Amino acid sequence: MINRTGADDLLFALDIGTRTVIGVVGRFTEGKFHVLAQRILEHTSRAMFDGQVHDIPRVAELVARVKAGLEEDLDTKLERVAIAAAGRSLRTIRVVVDQPVSDKLIIDEQAVRGLEYAALQEANSRLMAAEGNEVYHCVGYCAISYVLDGLTLTNLVGHRGRVATVDLIATYLPDSVVDGLLSVLARVGLRPENLTLEPIAAIDVTIPESMRLLNLALVDVGAGTSDIAITREGSVVGYGMVPVAGDEITEAIAQAYVVDFDTAERLKREIARGVEISFTNVLGMPVIKSPAEVLEAVTPVLDRLTAEVAQNILELNGGEVPKAVFCIGGGSQVPTFTDRLAVKIGLPPEYVAVRNRQVLQDVVLPDDDLIPGPDGVTVVGIATTARRQSGLVFINVTVNGQEYRVFNAHDLNVAYVLSFIGYGIKRLVGRHGKDLRFVLNGREEVVLGELFRPAALLVNGEPANLRTKVFDSDHLSVVDAVDGRDAQAVTGDFAETVGDLSWTLNGEKCRLPLMYNINDRPAGPDDQITGGDWVVIRPRPCPVRELAAAKGIEVNEAVVRVNGVIAAPDRLIRGGDNVKIEVSDDQAGMDSHDQADGRIRVIVNGREVVLTGDPEPVFVDVFNHIELNPARISGAVDMRLNGREAQYTDPLHNGDRIDIVWQERTIEEQSG
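In this text, residue positions in the sequence shown follow the working numbering: the first is 1262, and each later residue adds one.
Put into structure tokens, the structure is as follows:
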């Protein structure tokens, strides 16, 4: 806000229009704008067309005269001024952008700003594609609505969801328009205090915020363009422009009565007076016409103008008829304009009305108001807008060491600066890594993706976010967000989930090997798991012989005990088993002890048998220590000693393993 005291609290506003230049100087007191001095002058030639400066020296000359008159009235020097660009130069882009969000995280303010920034980037891209090489400045944007997973919300902050949507409108000015206005000011020694758009300025003073909950339309019928703005639900939701306005009415009169442009302009203004109009045509012939005759001559243009304005209002308002239409600007004073517009748009005539300065809220006018009509509204709006948006028109901002010249829009923040310089939104908004979902041993397993590392924003070395305000000469530092890595896993990562794999071999802790399978195909511990896989991990059944061999232990000449019980080398090991293998050295000691007692211990068909009597027994002696079931003895006998084919005379030693089988039927034996 402007903060002046004494003589410095004056605010100078200029409306540099197609037909006139209006200057107003005032002061804000207790929230009201008091107009202290004002001047209005007409261009002596067509130095501007459709609100855009064409002849800079001629426009500057008229601005200088207005400025000098105001300085004389106030006995003070004016150095700074608020201005507005014509609505014809305005480009409005409306976009709807979706963005995925994590349903695991609450949406915060930063996420909402990121969504709006993505929409602004999309609007910028569309404008660049449509306008080619023309440079545009975004002068403002507004989020119209938010949607989360299909539900319309007024505010996304604090919610959770999967897809967030914003409906956003952005407004732009071409660089050529801005440069033309600034060149005029430079020629007369004025510095721009604020630059806005004429429709924004007009609606600021014509439809205050307290009225914007209503669906209203504002039409500013100037000389070159008819600017349109729409309000609804507390916001300005659309801007538009029709390239038909007061000059087309003037040109129709000039064609009908063969007069020059200035004479036709006078005739247009005198229609409303209701008296006969006298003039001289270009042939020097005097002519007298009634207001009705002149109005009849411009009827086709009035019908075309009101039809285009009505169509534009309906398009901006989504096809709906607004509750009322306010009209300002000199062109709106032509008789029958509001009635024709009411018919075209489908409203009762009393709901389409001209707004004069006298009805403006929070504006105090002088008793001898020089511009009481609707043509003096916009300049007051330029002043009131400037009070809130004061500042340099352009500022210099450094981003990551590079300096940029940025248009100083209202509430200039980090998001706007980054959008202006084309800093991609994807560089600021990270993505969480994708989760990995699969089935492990019949149960769903989820490996979470890595969280993204958010972008780091600094303004002048201090932590910032997308909403942080930016001022002239600020330094911005931006470190891109880093996407989280997608979840990855191999089968071996889940070895610990399949139960107890530990077992003991001669006091040493060991682990059972695992069997891996992915989608019914054998796999290894280093095989990658992908989403949707069906993974099976089980302990692989292994006999003592295989596990002992892996440790370099030969069991053929050894005694195997599992959990204290002598077992065959082919015994399958389970988690938690305690295995002891007594190898040859141990066997010698055991042989000496047993032989001293006249006993030798062997394993017959998996059971321990103690041989007594002969200190040097042979294989056939075993039959004396086991019981044979004659009913189960048939066919040839298969005799094996420690896994090898045995002979009846083979000597036996402590710990030998003996297998005796008739036709795959094992004999029953007992110890003798």
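In this text, a Cβ means the ideal position worked out from N, Cα and C, and glycines have one as well. Computed from a predicted model, the values in this text were never measured in an experiment.
Please confirm whether isoleucine 1430 and arginine 1355 have their CB atoms less than 7 Å apart. yes
Which same chain residues end up closer than 7 Å to glycine 1836 when comparing Cβ atoms and leaving out the 5 residues on each side of it in sequence? Gly1760, Asp1761, Leu1762, Ser1763, Trp1764, Leu1773, Pro1800
Beta carbon of threonine 1486 nearer than 7 Å to that of methionine 1502: yes
Taking the alpha carbon of glutamine 1299 as the reference point, which residue from Thr1305, Gly1287, Arg1822 has its own alpha carbon closest? Gly1287
Straight-line CA distance for valine 1797 to glycine 1703? 8 Å
Does aspartate 1754 pass the burial test, meaning 16 or more other C-beta atoms within 10 Å, or should it be called exposed? exposed
DSSP beta-bridge partners of isoleucine 1354: Ala1431
May I ask you to list the residues that DSSP assigns as paired with alanine 1717? Val1740
Mind checking which residues open and close the alpha helix (DSSP H) that includes glycine 1507? 1507-1518
Which of the three DSSP states is assigned to aspartate 1847 in this structure? Annotation note: pLDDT 46 at aspartate 1847 (below 50); position unreliable, no value reported.
Quick check: the Cα distance between isoleucine 1464 and alanine 1390, rounded to an integer number of angstroms? 30 Å
Smallest Cα separation from valine 1641: which of Lys1605, Ile1589, Pro1596? Ile1589
Any idea what DSSP makes of methionine 1546, helix, strand or coil? coil
So the beta strand (DSSP E) arginine 1698 belongs to, where does it begin and stop? 1697-1701
Ranges of the alpha helix (DSSP H) found wholly within the segment 1771-1816, counting only runs of at least 4: 1805-1811
Just to confirm my understanding: we take leucine 1323, look at its own chain, exclude 5 residues before and 5 after, and list those with CB closer than 7 Å. What are they? Val1282, Leu1302, His1304
When you compare only the Cα positions, how much space is there between aspartate 1920 and asparagine 1767? 25 Å
Looking at the secondary structure, which residues open and close the alpha helix (DSSP H) in which aspartate 1838 lies? That residue, aspartate 1838, is in no alpha helix (DSSP H); it is neither H nor E in DSSP.
May I ask you to report which of helix, strand or coil DSSP gives arginine 1338? According to the sequence provided, residue 1338 is lysine. The question's arginine does not apply to it. Three-state result, lysine 1338: coil.
Got a sec, what are the start and stop residues for the beta strand (DSSP E) asparagine 1903 sits in? First-last for asparagine 1903: undefined, no H or E at that position.
Contact between the segment 1672-1680 and the segment 1720-1733 (3+ Cβ pairs under 8 Å): yes
At 4 residues or longer, and completely inside the segment 1349-1430: list those alpha helix (DSSP H) runs for me, N to C. 1370-1392
How many angstroms separate the CA atom of proline 1596 from the CA atom of alanine 1372? 52 Å
Quick one: Cα of threonine 1646 to Cα of asparagine 1455, how far? 9 Å
Whether aspartate 1428 touches valine 1357 by CB criterion (7 Å): yes
When the distance is taken between beta carbons, is tyrosine 1433 closer than 7 Å to arginine 1326? no
Leaving out five residues on either side along the sequence, give the residues of the same chain with a beta carbon under 7 Å from the beta carbon of alanine 1849. Note on alanine 1849: pLDDT 44, under 50, position unreliable in the model; the coordinate value appears next. Counting only Cβ-Cβ distances below 7 Å, and skipping sequence neighbours, we find nothing.
Quick check on this structure: which residue in Ile1834, Leu1528, Val1559 has the alpha carbon closest to the alpha carbon of alanine 1809? Ile1834
Do valine 1821 and alanine 1828 have their C-beta atoms closer together than 7 Å? yes
Report the CB separation of isoleucine 1574 from proline 1561 in whole angstroms; it is logged as a contact under 8 Å. So it is not a contact: roughly 21 Å between Cβ atoms.
Thinking C-beta only, is alanine 1447 closer than 7 Å to isoleucine 1643? no
Distance between beta carbons of valine 1816 and proline 1830, contact taken as under 8 Å: 4 Å
Starting from glycine 1441, trace the beta strand (DSSP E) in both directions and tell me its first and last residue. That residue, glycine 1441, is in no beta strand (DSSP E); its alpha helix (DSSP H) goes 1436-1448.
Which word fits leucine 1544, buried or exposed, when buried means at least 16 other C-beta atoms lie within 10 angstroms of its C-beta? exposed
Leaving out five residues on either side along the sequence, give the residues of the same chain with a beta carbon under 6 Å from the beta carbon of threonine 1639. Asp1276, Glu1459, Ala1462, Ala1463
Below 7 Å between beta carbons: does that hold for valine 1613 and valine 1586? yes
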